[in-house]
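Enquirer: One structure, pasted below without further comment.
Protein chains: 2
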Amino acid sequence: MFDFTFYNPTEIRFGRDRENELAALLKAARCERVLLVYGGGSVVRSGLLERIQRQLKEAGVAFQEHGGVRSNPVLDHAEAGVQKARSFQAQAIVPIGGGSVYDEAKAIAVGAKSSAPLWAFYTGRTIEAALPIYGVLTLAASGSEMNGNSVLTNEKTRQKYSFSSRHTYPRVSILNPALTATVPLDYTAYGAVDAIAHVLEGYLTKSAHAPLPDEMVEMIVRSVMRTSDRLMEQPDDYDARAELMWAATLALNGLTPAGIGPYSFPNHAIEHAISGLFPDVAHGAGLAVVLPAWMRWHSQKNPDPYRQLAQRLFGIDSPQGGIAALEAWFRTIKAPTRLGEIGIDAAAIAPLAQHAASLCESWGLEGYDEATLRALFEAMV
Amino acid sequence: MFDFTFYNPTEIRFGRDRENELAALLKAARCERVLLVYGGGSVVRSGLLERIQRQLKEAGVAFQEHGGVRSNPVLDHAEAGVQKARSFQAQAIVPIGGGSVYDEAKAIAVGAKSSAPLWAFYTGRTIEAALPIYGVLTLAASGSEMNGNSVLTNEKTRQKYSFSSRHTYPRVSILNPALTATVPLDYTAYGAVDAIAHVLEGYLTKSAHAPLPDEMVEMIVRSVMRTSDRLMEQPDDYDARAELMWAATLALNGLTPAGIGPYSFPNHAIEHAISGLFPDVAHGAGLAVVLPAWMRWHSQKNPDPYRQLAQRLFGIDSPQGGIAALEAWFRTIKAPTRLGEIGIDAAAIAPLAQHAASLCESWGLEGYDEATLRALFEAMV
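Read top to bottom, the protein sequences are chains A and B. All the letters of the first sequence, read from the start, carry residue numbers 140 to 520 under our numbering. All the letters of the second sequence, read from the start, carry residue numbers 140 to 520 under our numbering.
Okay, structure coming up:
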């Protein structure tokens with residue numbers, strides 16, 4: 140086992156109606172002026188936003204709104220949020236939504252405490268402080284509710300970059316599985332793929348055998364598959380929503396990489412090129428396309444973890460058989476597995492490969508030159 | 140899935156030589172006067188205590204010592220520690236040792252911040268504050284390094300009681316698996332049993348099926364068994380030490396019960412009666428005796444989790460077969476499974492049953508009257 144540091148101070152309040160605890164939490168933390176960050180679609184339609192606003196008013200917590208976060212959140216919008224947080228003198232940031240909303244909330248939490256340009260924190264500047272974050276999660280997918288990561292897209296430069304900081308772990312994330320019942324099935328599927336991709340990156344790219352972390356990954360993948368299957372049949376199955384939500388949180392809260400040593404996120408880097416150039420592509424949909432092609436290529440170089448995955452998850456003895464089974468499962472939950480299905484044609488491969496190569500370079504990934512990436516994207520057609 | 144709150148702010152620094160980071164951690168947290176809490180045997184003999192003292196001196200961190208913690212820590216000794224912490228004006232408590240040392244360090248951390256009698260916190264008084272705890276763990280067993288629990292024995296009343304508080308999660312626990320290499324094989328085995336007991340209590344006593352938490356428990360039990368087997372062959376196998384240490388930490392850090400709903404710790408209550416009356420019995424040794432007998436009795440009332448355990452861990456189809464396989468495994472690692480092996484004869488059964496009944500009552504456990512407990516202890520002869 141490799142050395143590691145594990146630290147995750149986020150408190151998870153999980154269960155039915157727990158969003159009703161938000162105002163009391165903020166009051167106990169003496170946060171009486173907060174910025175509500177949200178997307179706009181489902182949290183408005185479902186009445187969740189209004190319920191939370193009423194709750195805050197009754198408790199005497201003042202708030203300002205910052206809605207309209209996009210599904211691949213962008214720098215300009217986050218900068219506008221920073222201005223609002225500053226001028227309102229917000230004492231906490233309250234994301235209400237999925238991973239994109241959380242990611243932008245983290246950006247605002249950092250920007251509000253610094254006079255540096257916000258993008259600097261996505262290009263290497265050290266984060267020294269952030270406003271506390273108290274959030275309500277409405278989508279099981281990104282894991283952002285229990286980590287310090289934030290991904291943002293700079294539309295001017297078409298870069299999708301990220302930071303990770305100890306200061307941006309949410310203080311509390313409220314996870315009410317019932318709030319995810321209104322998530323459409325395609326986004327439920329994208330979330331499942333995202334969670335699976337999070338744990339497989341480390342499982343497949345680490346350099347040495349790691350029995351306990353490997354079993355944890357397999358446990359999470361099995362859980363995500365089992366619960367997604369149930370939700371495709373019965374979208375309002377509370378227990379399946381609940382287990383999927385917790386599994387997706389565990390998938391990127393630092394537990395699975397503990398002890399595995401160096402590893403990398405090539406699928407995420409490659410997908411960021413896709414959703415950086417095509418912002419309408421949901422991150423999980425892009426991953427469903429990237430992952431099988433990348434796995435076929437990567438398994439030629441490093442077959443051992445693929446053989447184990449195939450055996451333990453699908454009872455199949457060949458690495459390629461396991462990849463095919465995972466890809467087939469993506470199709471059963473109606474996740475796309477080809478570029479054409481996410482509206483990207485072959486003409487985009489050259490710019491995608493170029494962009495992905497620069498992203499891989501900036502992430503410190505070796506062996507991902509433009510030619511390699513072009514071949515990878517061609518395998519996704 | 141049941142509602143739950145998960146919160147665990149302890150930072151784990153895991154790996155070779157990481158105890159060398161202690162002084163810098165304390166300095167960064169502005170703790171320049173600390174109380175070192177330890178047992179006395181192995182941390183002195185191994186030179187670890189001296190190395191840490193030298194490190195603190197060089198960094199300008201002043202310390203006082205509180206050695207001699209017993210393996211079932213006692214109230215009187217903890218009270219003496221509180222006096223030392225107060226008179227020295229310690230800013231942090233530094234346990235160096237196993238679970239008993241951590242448990243007493245937590246007692247001192249609480250007592251130093253309150254004028255109430257220390258025992259009051261073990262009998263229901265709410266903990267409002269505690270000194271920060273920065274520890275170095277030398278034994279994989281109790282999980283105390285990553286939770287807020289403390290168990291203490293009041294020798295006057297022969298009560299072994301516990302508290303659990305948000306204020307007593309260690310800030311940082313340093314886990315260097317190499318430091319456990321000097322743990323004798325019998326204590327290695329007791330630690331393994333303790334970790335297994337921690338996860339099985341919830342697995343076996345919860346009221347409803349919980350697929351993901353169940354898999355997490357099975358993963359931990361498999362890991363503890365696999366690594367203990369290796370250590371019985373090769374006591375200085377670093378990777379096995381490392382995986383066992385992390386598995387034992389995960390066994391009681393709040394993850395496995397998340398979502399399982401109400402459950403109880405009957406084996407721990409019953410064992411506390413044993414080591415309360417016979418303080419020379421190691422907690423894990425007592426558990427190895429209690430667990431199989433309790434499982435045989437309890438599985439008659441609630442066979443489902445036993446059937447699952449038998450199938451998934453041992454590939455056996457009967458609940459009783461699974462229990463027998465676990466008991467047989469305890470014997471292969473030379474853990475005792477009968478009262479006689481821990482020096483307790485049948486004459487002690489009446490007082491044990493009486494004491495256990497009062498403990499079970501104080502823990503709110505139903506169905507554990509004196510007659511039932513007497514029959515249980517008789518099954519351990």
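A virtual CB, placed ideally from N, CA and C, is assigned to each residue, including glycine. Source: prediction; values computed, not measured.
Could you compute how far the alpha carbon of A487 (chain B) sits from the alpha carbon of Y308 (chain A)?
Expert: Residue numbering aside, residue 487 (chain B) sits at position 348 when the second sequence is read from its first letter. Residue numbering aside, residue 308 (chain A) sits at position 169 when the first sequence is read from its first letter. Those two C-alpha atoms are separated by around 52 Å.
Enquirer: Give me the Cα-Cα distance between V462 (chain A) and W436 (chain A), rounded to the nearest whole angstrom.
Expert: Position 323 of the first sequence holds residue 462 (chain A). Position 297 of the first sequence holds residue 436 (chain A). A small correction: the amino acid at residue 462 (chain A) is Ile; Val does not occupy that position in the sequence shown. Near 11 Å, if we compare the C-alpha coordinates of W436 (chain A) and I462 (chain A).
Enquirer: Quick one: grab the DSSP three-state call for I488 (chain B).
Expert: Along the second sequence, read from residue 1 onward, the residue named residue 488 (chain B) stands at position 349. DSSP places I488 (chain B) in helix when its eight states are reduced to three.
Enquirer: Kindly list, in the order they appear in chain A, the residues whose Cβ is closer than 9 Å to that of T144 (chain B).
Expert: Sequence index remark: in the second sequence, residue 144 (chain B) carries index 5 (1-based). Chain A residues near T144 (chain B): E150, I151, R152, F153, G154 and R157.
Enquirer: In this structure, how does DSSP classify A201 (chain B) when only helix, strand and coil are distinguished?
Expert: Start at 1 with the first residue of the second sequence, and residue 201 (chain B) comes out as number 62. A201 (chain B) falls in the strand class under three-state DSSP.
Enquirer: So that I know if they touch, is there some Cβ in chain B lying closer than 7 Å to that of S362 (chain A)?
Expert: Here the question's residue 362 (chain A) lines up with position 223 in the first sequence. For S362 (chain A), the answer is yes, since a Cβ of chain B falls inside 7 Å of its Cβ.
Enquirer: I want to verify the contact list: residues of chain A whose CB lies under 8 Å from the CB of D378 (chain B), in sequence order.
Expert: For this step, residue 378 (chain B) is matched to residue 239 along the second sequence. Here the neighbours are M140.
Enquirer: Looking at chain B, is there any beta carbon in it that lies within less than 7 Å of the beta carbon of E354 (chain A)?
Expert: As a position in the first sequence, residue 354 (chain A) is number 215, starting the count at 1. Interface residue, yes.
Enquirer: Of the choices B:S185, B:E204, B:R225 and B:A496, whose alpha-carbon is the least far from that of L318 (chain B)?
Expert: Locating residue 318 (chain B) in the second sequence gives position 179, counting from the first residue. Checked all of B:S185, B:E204, B:R225 and B:A496; the closest Cα to L318 (chain B) is B:S185.
Enquirer: Could you name the residues of chain A that E382 (chain B) contacts, counting a contact when the two beta carbons are closer than 7 Å?
Expert: Residue mapping note: residue 382 (chain B) aligns to position 243 of the second sequence, counting from 1. Those within 7 Å of E382 (chain B) in chain A are M140, P350 and L351.
Enquirer: Helix, strand or coil for A279 (chain A)? Go by DSSP, reduced to three states.
Expert: Counting from 1 along the first sequence, the entry for residue 279 (chain A) is found at position 140. A279 (chain A): coil per DSSP, three-state reduction.
Enquirer: With a 10 Å radius around its C-beta and 16 neighbouring C-beta atoms as the bar for buried, classify N159 (chain B) as buried or exposed.
Expert: For the purposes of this step, residue 159 (chain B) is taken as the residue at position 20 of the second sequence. N159 (chain B) should be labelled exposed.
Enquirer: Name, please, each residue of chain A whose Cβ falls closer than 8 Å to the Cβ of M358 (chain B).
Expert: Indexing the second sequence from 1 puts residue 358 (chain B) at position 219. L351, E354, M355 and M358, listed in chain order.
Enquirer: When the Cα atoms are used, what is the spatial distance from Y507 (chain A) to L430 (chain B)?
Expert: What you label residue 507 (chain A) is simply residue 368 of the first sequence in a count that begins at 1. What you label residue 430 (chain B) is simply residue 291 of the second sequence in a count that begins at 1. Each residue's Cα considered, the two are about 54 Å apart.
Enquirer: Report yes if the C-beta distance between I247 (chain B) and I235 (chain B) is below 7 Å; otherwise report no.
Expert: One-based indexing of the second sequence puts residue 247 (chain B) at position 108. One-based indexing of the second sequence puts residue 235 (chain B) at position 96. No. Outside cutoff.
Enquirer: Taking one C-beta from the stretch 142–159 of chain A and one from the stretch 401–413 of chain A each time, how about it: are there three or more such pairs within less than 8 Å?
Expert: No: the two stretches stay apart, fewer than three of their Cβ pairs being nearer than 8 Å.
Enquirer: Under 7 Å between the Cβ atoms of R421 (chain A) and P475 (chain A)?
Expert: Counting from 1 along the first sequence, the entry for residue 421 (chain A) is found at position 282. Counting from 1 along the first sequence, the entry for residue 475 (chain A) is found at position 336. Per the sequence shown, the amino acid found at residue 421 (chain A) is Ala instead of Arg. Not in contact: A421 (chain A) and P475 (chain A) (Cβ atoms no closer than 7 Å).
Enquirer: CA-CA distance, V240 (chain A) and A510 (chain A)?
Expert: As a first step, residue 240 (chain A) is located in the first sequence; it is residue number 101 there, counting from the start. As a first step, residue 510 (chain A) is located in the first sequence; it is residue number 371 there, counting from the start. Answer to the nearest angstrom: the Cα atoms are 35 Å apart.
Enquirer: Let's test the definition: count the other Cβ atoms within 10 Å of the Cβ of P271 (chain B) and tell me whether it reaches 16, buried, or not, exposed.
Expert: By one-based count along the second sequence, residue 271 (chain B) stands at place 132. Label assigned to P271 (chain B): buried.
Enquirer: Taking buried to mean at least 16 other C-beta atoms within 10 Å of its own C-beta, is T366 (chain B) buried or exposed?
Expert: Here residue 366 (chain B) refers to the residue found at position 227 when the second sequence is read from its first residue. It counts as buried.
Enquirer: Hey, is the stretch 383–391 of chain B in contact with the stretch 467–485 of chain B, meaning 3+ C-beta pairs nearer than 8 Å?
Expert: No, the stretch 383–391 of chain B is not in contact with the stretch 467–485 of chain B.
Enquirer: Please list the residues of the stretch 419–448 of chain B that have a C-beta atom closer than 9 Å to any C-beta atom in chain A, keeping them in chain order.
Expert: Within the stretch 419–448 of chain B, no residue has a Cβ that lies closer than 9 Å to any Cβ of chain A.
Enquirer: Closer than 9 Å, Cβ to any Cβ of chain B: which residues of the stretch 391–414 of chain A, in chain order?
Expert: Hits within the stretch, in order: L394, A397 and G398.
Enquirer: Taking the beta strand (DSSP E) that R152 (chain A) falls in, what are its first and last residues?
Expert: In the first sequence, counting from the first residue as 1, residue 152 (chain A) sits at position 13. Note, R152 (chain A): beta strand (DSSP E), E150 to F153.
Enquirer: What runs of the beta strand (DSSP E), each 3 residues or longer, lie entirely inside the stretch 207–279 of chain A?
Expert: Qualifying beta strand (DSSP E) stretches, in chain order: 231–236 and 273–276.
Enquirer: What in chain B is Cβ-close to W385 (chain A), meaning under 8 Å?
Expert: For the purposes of this step, residue 385 (chain A) is identified with residue 246 of the first sequence, where counting begins at 1. Those within 8 Å of W385 (chain A) in chain B are M140, L351, A397 and G398.
Enquirer: According to DSSP, is V560 (chain A) helix, strand or coil?
Expert: This structure cannot speak to residue 560 (chain A), because chain A is shown only from 140 to 520.
Enquirer: Measure the Cβ-Cβ separation of A259 (chain B) and V176 (chain B) and say whether it is below 7 Å.
Expert: Position 120 of the second sequence, counting from 1, holds the residue named residue 259 (chain B). Position 37 of the second sequence, counting from 1, holds the residue named residue 176 (chain B). No. Outside cutoff.
Enquirer: Distance, Cα to Cα, R361 (chain B) vs P396 (chain B)?
Expert: For this step, residue 361 (chain B) is matched to residue 222 along the second sequence. For this step, residue 396 (chain B) is matched to residue 257 along the second sequence. Using only the alpha carbons, I get a separation of about 17 Å.
Enquirer: Quick one: give me the first and last residue of the beta strand (DSSP E) that L185 (chain A) is part of.
Expert: Walking along the first sequence from the start, residue 185 (chain A) turns up at place 46. Looking at the sequence provided, one finds Ser at residue 185 (chain A) rather than Leu. Unbroken run through S185 (chain A): none, as it is neither H nor E.
Enquirer: Nearest to V520 (chain A) by alpha carbon, out of A:G503, A:A489, A:E218 and A:L504?
Expert: Taking the first sequence and counting its residues from 1, the one referred to as residue 520 (chain A) is at position 381. Per the Cα distances, A:A489.
Enquirer: In angstroms, rounded to a whole number, what distance separates the CA positions of W468 (chain A) and E340 (chain A)?
Expert: The residue you call residue 468 (chain A) lines up with position 329 of the first sequence. The residue you call residue 340 (chain A) lines up with position 201 of the first sequence. If you take the alpha carbons of W468 (chain A) and E340 (chain A), they lie about 18 Å apart.
Enquirer: Judging by CA-CA distance, which residue of B:V363, B:Y326 and B:L370 is the nearest neighbour of V337 (chain B)?
Expert: Residue numbering aside, residue 337 (chain B) sits at position 198 when the second sequence is read from its first letter. It is worth fixing the name first, because residue 337 (chain B) is His in this sequence and not Val. Measuring from the Cα of H337 (chain B), the nearest candidate turns out to be B:V363.
Enquirer: Candidates A:L343, A:G250 and A:M285: which alpha carbon is nearest A269 (chain A)'s?
Expert: Residue 269 (chain A) sits at position 130 when you count from the first residue of the first sequence. Comparing Cα-Cα distances from A269 (chain A) to each of A:L343, A:G250 and A:M285, the minimum goes to A:G250.
Enquirer: Can you tell me where the alpha helix (DSSP H) holding Y445 (chain B) begins and where it ends?
Expert: Here residue 445 (chain B) refers to the residue found at position 306 of the second sequence. Where Y445 (chain B) is concerned, the enclosing alpha helix (DSSP H) stretches over P442 to F453.
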